[in-house]
Amino acid sequence: AQSVTQPDIHITVSEGASLELRCNYSYGATPYLFWYVQSPGQGLQLLLKYFSGDTLVQGIKGFEAEFKRSQSSFNLRKPSVHWSDAAEYFCAVAASGGSYIPTFGRGTSLIVHP
Amino acid sequence: NAGVTQTPKFQVLKTGQSMTLQCAQDMNHEYMSWYRQDPGMGLRLIHYSVGAGITDQGEVPNGYNVSRSTTEDFPLRLLSAAPSQTSVYFCASSALAGGTDTQYFGPGTRLTVL
């Protein structure tokens, strides 16, 4: 079965600084990978996903993520953080081959200082 | 499109009471899921459905029932509420299997069991 780890519970950055949120997964083959964002009091919204092909994936709101098979990682990045990016970020992984069940990480809470 | 709607937004129950959390989607999605979100635990899958009349258990199904009589609706029933079921509940839908496609989440139901 697949698993996913988000090592950082909280991340604090200053507005305008760059951001990297870490995600490591465990799965034998190439997984399907997702990043979702949850604003306070809201449901989750997809930022980006990786299924195959180019390992650098562009998403909404200026986010990108890079799939590194050798490191079993799918880290989320943004070059310049805005105050509105403060939210909870979840990485999710699913087994390739039609899995119905994605596994979510525990989330990373992003705090943005002005 | 309203997307995924959930009612109620908030609910307080006493131990032993039963209730139904409602979920509806207007995107004609075949796949629907229920998750619970607890602090530091991320999202955990309760039950899911791959189409009308077909449901299956997720990671934490005990104490919950579901049915799927129509494509649009996927209610979650708590049979006899317990304090351990205090949580935020999210319904999600997707056109393809949840692990292979973007999931669209409702705004959530915050449930407190006293």
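Going down the list, the sequences are from chains A and B. Residues in the first sequence are numbered consecutively from 21, following our numbering. Residues in the second sequence are numbered consecutively from 22, following our numbering. All C-beta atoms, glycine included, are put in the ideal place defined by N, C-alpha and C.
- Query: How is residue 57 (chain B) classed by DSSP in three states: helix, strand or coil?
  - Reply: For the purposes of this step, residue 57 (chain B) is identified with residue 36 of the second sequence, where counting begins at 1. Residue 57 (chain B) carries a strand assignment under DSSP once its states are collapsed to helix, strand and coil.
- How about residue 115 (chain A) and residue 47 (chain A): do their beta carbons lie closer than 8 Å? As a position in the first sequence, residue 115 (chain A) is number 95, starting the count at 1. As a position in the first sequence, residue 47 (chain A) is number 27, starting the count at 1. Inclusion of residue 115 (chain A) and residue 47 (chain A) in the CB contact set at 8 Å is warranted, their separation being smaller than that value.
- Task: Select from the stretch 113-129 of chain B all residues with a C-beta closer than 9 Å to any C-beta belonging to chain A, and list them in chain order.
- Result: Cβ contacts with chain A come from 113, 117, 118, 119, 120, 121, 122, 123, 124, 125, 126, 127, 128 and 129.
- Quick one: list the residues of chain A neighbouring residue 147 (chain B), beta-carbon separation under 8 Å, in chain order. Only positions 22 to 135 of chain B appear in this structure, which leaves residue 147 (chain B) out of reach.
- Query: In whole angstroms, what is the alpha-carbon distance linking residue 83 (chain A) and residue 31 (chain A)?
  - Reply: Taking the first residue of the first sequence as 1, we reach residue 83 (chain A) at position 63. Taking the first residue of the first sequence as 1, we reach residue 31 (chain A) at position 11. Taken atom to atom, the span from the alpha-carbon of residue 83 (chain A) to that of residue 31 (chain A) is near 16 Å.
- Message: Less than 7 Å between C-beta atoms, sequence neighbours within five positions excluded: which residues of the same chain meet that for residue 86 (chain B)?
- Response: Mapped onto the second sequence, residue 86 (chain B) falls at position 65. 98 and 100.
- Taking the DSSP output, what are the residues bridged to residue 44 (chain B)? Locating residue 44 (chain B) in the second sequence gives position 23, where the first residue counts as 1. According to DSSP, which records beta bridges pairwise, residue 44 (chain B) is partnered with B:27.
- Query: Between the beta-carbon of residue 125 (chain B) and the beta-carbon of residue 24 (chain B), is there less than 8 Å?
  - Reply: What you label residue 125 (chain B) is simply residue 104 of the second sequence in a count that begins at 1. What you label residue 24 (chain B) is simply residue 3 of the second sequence in a count that begins at 1. In contact: residue 125 (chain B) and residue 24 (chain B) (Cβ atoms closer than 8 Å).
- Message: Please classify residue 123 (chain A) as buried or exposed, where buried requires at least 16 other C-beta atoms within 10 Å of its C-beta.
- Response: Taking the first residue of the first sequence as position 1, residue 123 (chain A) is located at position 103. Residue 123 (chain A) is buried by the Cβ-count criterion.
- Task: Give me the Cβ distance between residue 114 (chain B) and residue 50 (chain B), rounded to the nearest whole Å; I'm assuming they're in contact under 8 Å.
- Result: Here residue 114 (chain B) is taken as the residue at index 93 of the second sequence, counted from 1. Here residue 50 (chain B) is taken as the residue at index 29 of the second sequence, counted from 1. In this structure residue 114 (chain B) is in contact with residue 50 (chain B), their Cβ atoms being roughly 4 Å apart against a cut-off of 8 Å.
- Query: Just by C-beta distance, which residues in the stretch 50-81 of chain B are closer than 9 Å to chain A?
  - Reply: Only those residues of the stretch 50-81 of chain B whose C-beta falls short of 9 Å from the nearest C-beta of chain A are listed: 52, 54, 56, 58, 61, 62, 63, 64, 65, 66, 69, 71, 77, 79 and 80.
- Task: Using a Cβ cut-off of 8 Å (strictly closer), state whether residue 42 (chain A) contacts chain B.
- Result: Numbered from 1 along the first sequence, position 22 holds the residue referred to as residue 42 (chain A). Taking Cβ atoms only, chain B never reaches closer than 8 Å to residue 42 (chain A), which makes this a no.
- Query: Tell me the DSSP bridge mates of residue 7 (chain A)?
  - Reply: Coverage of chain A is limited to positions 21 through 134, which leaves residue 7 (chain A) absent and any answer about it impossible.
- Query: Does the Cβ of residue 98 (chain A) have 16 or more other Cβ atoms within 10 Å, making it buried, or fewer, making it exposed?
  - Reply: Position 78 of the first sequence, counted from the start, is the residue given in the question as residue 98 (chain A). With 16 or more other Cβ atoms within 10 Å, it is buried.
- Query: Does DSSP put residue 67 (chain B) in a helix, in a strand, or in coil?
  - Reply: For this step, residue 67 (chain B) is matched to residue 46 along the second sequence. Note: residue 67 (chain B) maps to strand in three-state DSSP.
- Item | Local Cβ density within 10 Å of residue 57 (chain B), reported as buried at 16 or more and exposed below that | Within the second sequence, numbered from 1, the residue matching residue 57 (chain B) stands at position 36. Looking at its Cβ environment, which holds 16 or more other Cβ atoms inside 10 Å, residue 57 (chain B) is buried.
- Message: Quick check on the DSSP output: what are the complete beta strand (DSSP E) runs of length 3 or more inside the stretch 59-128 of chain B, in order along the chain?
- Response: 63-72, 75-78, 85-87, 97-99 and 108-115, all fully within the stretch 59-128 of chain B.
- Which partner residues does residue 58 (chain A) have in the DSSP bridge list? The count along the first sequence starts at 1 and reaches residue 58 (chain A) at position 38. DSSP lists A:64 and A:108 as partners of residue 58 (chain A).
- Cutoff 6 Å; reference residue 96 (chain B); Cβ partners in own chain excluding five residues on either side: Locating residue 96 (chain B) in the second sequence gives position 75, where the first residue counts as 1. The answer, listed in chain order, is 41 and 43.
- Item | 8 Å Cβ cutoff, residue 126 (chain A) in contact with chain B | Position 106 of the first sequence, counted from the first residue, corresponds to residue 126 (chain A). Yes, its Cβ sits closer than 8 Å to a Cβ of chain B.
- Buried or exposed (CB count within 10 angstroms, at least 16 for buried), residue 31 (chain B): If you number the second sequence from 1, residue 31 (chain B) lands on position 10. Residue 31 (chain B) counts as exposed, since fewer than 16 other beta carbons sit within 10 angstroms of its beta carbon.
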